[in-house]
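Novice: For the sequence shown, the numbering used here assigns the number 155 to the last residue and increments by one with no breaks.
Here it is: the structure, laid out below.
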Amino acid sequence: MKLDQILATVGKAKAPRRIGRGTGSGRGKTSGRGHRGYGARSGAGKLLGFEGGQNPILSRIPKRGFSNAMFRTDYQVVNVAALDRFEAGTRVDAQMMKQVRLIHDHDKPVKLLGRGELKKKLTVVANKFSASAAKKISDAGGTVEQL
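Put into structure tokens, the structure is as follows:
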């Protein structure tokens with residue numbers, strides 16, 4: 009038995025400071041918050057990015073340019089190979105794709121891409137098709153309907 013092994017855990021976990029337990033504790037009465045003022049109130053604290061009243065760095069740096077990111081259309085992507093699970097002659101639309109969990113939301117736009125092979129004749133309804141996806145669907149004897 010070694011002394012460093014016995015005392016290895018002693019003092020590792022520091023006990024939390026107990027405040028508001030009387031004047032003898034040194035942290036009684038106002039519990040280290042001082043007398044009145046914003047800091048004494050519950051919920052008091054600085055906002056993220058507050059720099060003591062000086063002009064924050066975010067407003068000091070120049071802003072330039074423009075981004076179209078907020079106007080972008082995000083499509084739910086489905087590959088042609090995933091459509092092979094449907095029976096031949098089926099009309100595949102967003103509702104059907106949602107039922108078999110190919111997409112998350114039937115209200116959002118869907119785009120079909122051409123990865124994989126399609127061996128069944130299907131009528132596929134979507135918002136957009138890649139050129140290769142449209143060709144593979146028509147080569148299999150199916151039709152493409154764009155919304």
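For each residue, glycine too, the CB sits at the ideal point set by N, CA and C.
The model shown is predicted, which means the values in this text are computed figures rather than measured ones.
Closer than 8 angstroms is the cut-off here; do at least three beta carbon pairs connect the stretch 88-106 with the stretch 116-131?
Specialist: Contact holds: three or more Cβ-Cβ distances are below 8 angstroms.
Novice: Specify the secondary structure class of A134 as computed by DSSP and reduced to three states.
Specialist: strand
Novice: Sorted by chain position, which residues of the same chain lie with C-beta nearer than 8 angstroms to R29's C-beta, five sequence neighbours on each side aside?
Specialist: R35 and G36
Novice: Spell out a yes or no on whether the stretch 84-92 and the stretch 102-119 are touching, meaning 3 or more CB-CB pairs, one atom from each, closer than 8 angstroms.
Specialist: yes
Novice: Starting from the C-beta of L110, find all residues in its chain whose C-beta is less than 7 angstroms away, skip the five residues before and the five after it, and write them out in chain order.
Specialist: V86 and A90
Novice: Take the Cβ of V118 as the centre, count every other Cβ of all protein chains shown within 10 Å, and call the residue buried at 16 or more, exposed below.
Specialist: buried
Novice: In the DSSP assignment, what residue or residues form a beta bridge with T151?
Specialist: T131
Novice: Comparing C-alpha positions only, which one of N135, G73 and G60 sits nearest to H114?
Specialist: N135
Novice: What's the call for L66, buried or exposed, on a 16-neighbour Cβ count within 10 Å?
Specialist: Around the beta-carbon of L66, fewer than 16 other beta-carbon atoms lie within 10 Å, marking it exposed.
Novice: Alpha helix (DSSP H) containing L66: first to last residue?
Specialist: I65 to R68
Novice: Find out if the Cβ-Cβ distance for the pair L120, A141 is shorter than 8 angstroms.
Specialist: yes
Novice: Any idea if K144 is buried or exposed, counting beta-carbon neighbours within 10 angstroms, 16 or more meaning buried?
Specialist: buried
Novice: By how many angstroms is the C-alpha of A48 removed from the C-alpha of L11?
Specialist: 46 angstroms
Novice: Throw me the rounded Cβ distance for the V88 and L55 pair, which I believe falls under 8 angstroms.
Specialist: Not quite, the Cβ-Cβ distance comes to about 50 angstroms (not below 8 angstroms), so this is no contact.
Novice: With 16 other CB atoms within 10 Å as the buried threshold, where does G150 fall?
Specialist: By the neighbour-count criterion, in which a residue is buried when 16 or more other Cβ atoms sit within 10 angstroms of its Cβ, G150 is buried.
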